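Q:
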Amino acid sequence: MMLPLLSQSAAPLLVPLPSAHLLYPSSIHRWSQRGFPNPNPNPSLGCSTLRRELRPGSTASHLCEREALTLDGGSLSVKESSLEEELWAAVRLRVRTFYEFKTESCGIEDYTRYLTEREFEALKDRIAGKRIGLKRVSCINATLPISPFLASADELCSACKFSNNGEERVVVGTLDLNQCLRLTDELTGKRPEVLGSDIMRAYLSNVCVAKELQRNGLGYALVSKSKKVAREWGISDLYVHVAVDNEAAQKLYQKSGFVYENEEPAWQARFLGRPRRFLLWADLTQNNLSCR
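For the sequence shown, UniProt numbering begins at 1 and goes up steadily by one.
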């Protein structure tokens, strides 16, 4: 399966697909080693976590401690999108959230646009069904209208805005829902133990929320919407990977109905240069489809 997606984790959520063909190492990570300005994936930005049990003394990502805007959910929209301008805004949010660059590096603006264009084209291809190994992909975005409420988030508005039916809106959260023709062992655990059930499984990736609007339930709303869309596709089992050191994401996924399923060997994480991750699973056959 060829899935060149973004692959660093985002705060408080990011769910990267796990191999060179399925999202990690990301094209960004590989290209950065070939003479481009070096992006610094910020571990605290990218570590989604679900432990088998809560452990005393564990610390949350520092991003969860930042002062954030308080959201009035009445103007929030969370839905699937294939509008190119909105997809571009979503990709801008991913690059903006997943990576921090050294300010002294040369060519940052050009390199950031390069990364954005590569992911934008890849995302369009995935949604259009042009990528081998994928049955269906949906980009689900949380958006808000540009308003005085976002006045203090002018950089976010500038980077992630789009126009739809004459209204200017801003992408403030995003994820991909991927239905693969077959999921590799790295993407599935032991549930369900049914041969030939891959087509009934899906995987979340590239989940992120703008740092200015974290702790407003946007991640919860995105995951909840993805579960509803997956059910409409006939999906029975939903998977997601999370890194091991973000307590905020731990709470989110637990609240959203995911449970521990499997985990990545430490040697593999070291080899790929990323935090070790857990594989989580949610059973969509249960009646309590809405997040718990």
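Don't be surprised by glycine CBs; every beta carbon is placed ideally from N, CA and C. Remember, it's a predicted structure, so these values are computed and weren't measured experimentally.
1) Going by C-alpha distance, which of Leu-279, Ile-108 and Arg-94 is nearest Ala-202?
2) Looking at the secondary structure, which residues open and close the alpha helix (DSSP H) in which Asp-125 lies?
3) Give the C-beta separation of Val-171 and Ala-90 to the nearest angstrom, bearing in mind that I take them to be a contact with Cβ-Cβ under 8 Å.
4) Roughly how many angstroms separate the alpha carbons of Glu-109 and Asn-206, rounded to a whole number?
5) Between which two residues does the beta strand (DSSP E) harbouring Phe-162 extend?
6) Quick one: does Arg-276 have its CB under 8 Å from some CB of chain B?
7) According to the neighbour-count rule (16 or more other Cβ atoms, all chains shown, within 10 Å of its Cβ), is Thr-70 buried or exposed?
8) Let's test the definition: count the other Cβ atoms within 10 Å of the Cβ of Ser-138 and tell me whether it reaches 16, buried, or not, exposed.
9) Count the C-beta pairs between the segment 261 to 271 and the segment 211 to 220 that are closer than 8 Å, then say yes if the count reaches three, no if not.
10) Check whether the Cβ atoms of Thr-285 and Ser-236 lie closer than 8 Å to each other.
11) In the structure shown, what three-state DSSP assignment does Pro-148 receive?
12) Roughly how many angstroms lie between the CA atoms of Ser-147 and Glu-168, to the nearest whole one?
13) On the three-pair Cβ rule with 8 Å, is the segment 111 to 123 touching the segment 92 to 102?
14) Mind checking Glu-247: buried by the 16 CB within 10 Å criterion, or exposed?
15) For Arg-131, name the three-state secondary structure that DSSP assigns.
16) Are Ile-140 and Lys-255 close, meaning C-beta to C-beta below 8 Å?
17) If you draw a straight line from the alpha carbon of Ile-132 to that of Ile-199, how long is it in whole angstroms?
18) Are Arg-277 and Val-242 touching if we call contact CB-CB under 8 Å?
19) In chain order, what are the residue ranges of uninterrupted beta strand (DSSP E) at least 3 long that sit wholly in the segment 243 to 283?
20) Using the beta-carbon count (16 or more within 10 Å), is Ser-75 buried or exposed?
21) Along the chain, where does the alpha helix (DSSP H) containing Gly-74 start, and where does it finish?
22) Pull up the distance between the alpha-carbon of Tyr-24 and that of Leu-181, whole angstroms please.
23) Can you give me the start and stop residues for the beta strand (DSSP E) that Ala-202 sits inside?
24) Following a CB-centred definition, is Lys-251 positioned closer than 7 Å to any heavy atom of the ligand MN?
25) Measuring only the C-alpha atoms, how far is Lys-124 from Pro-145?
26) Would you kindly report the start and end of the unbroken beta strand (DSSP E) that includes residue 364?
A: In short, the structure shows the following:
1) Its Cα nearest to that of Ala-202, the residue Leu-279 stands out among Leu-279, Ile-108 and Arg-94.
2) 108 to 127
3) 5 Å
4) 22 Å
5) 161 to 164
6) The structure shown has no chain B; it contains just one protein chain.
7) So Thr-70 ends up on the exposed side.
8) buried
9) no
10) The criterion of a C-beta distance shorter than 8 Å is satisfied by Thr-285 and Ser-236.
11) helix
12) 9 Å
13) yes
14) Classification for Glu-247: buried.
15) coil
16) no
17) 14 Å
18) yes
19) 259 to 263 and 277 to 283
20) exposed
21) No alpha helix (DSSP H) holds Gly-74; DSSP gives it neither H nor E.
22) Because Tyr-24 sits at a pLDDT of 31, beneath the cut-off of 50, its placement in the model cannot be relied upon, and the point is left open.
23) 201 to 209
24) As for the ligand MN, it is missing from this structure, which has no ligand bound.
25) Near 24 Å, if we compare the C-alpha coordinates of Pro-145 and Lys-124.
26) The chain is shown from 1 up to 292; residue 364 falls before or after that span and cannot be answered.
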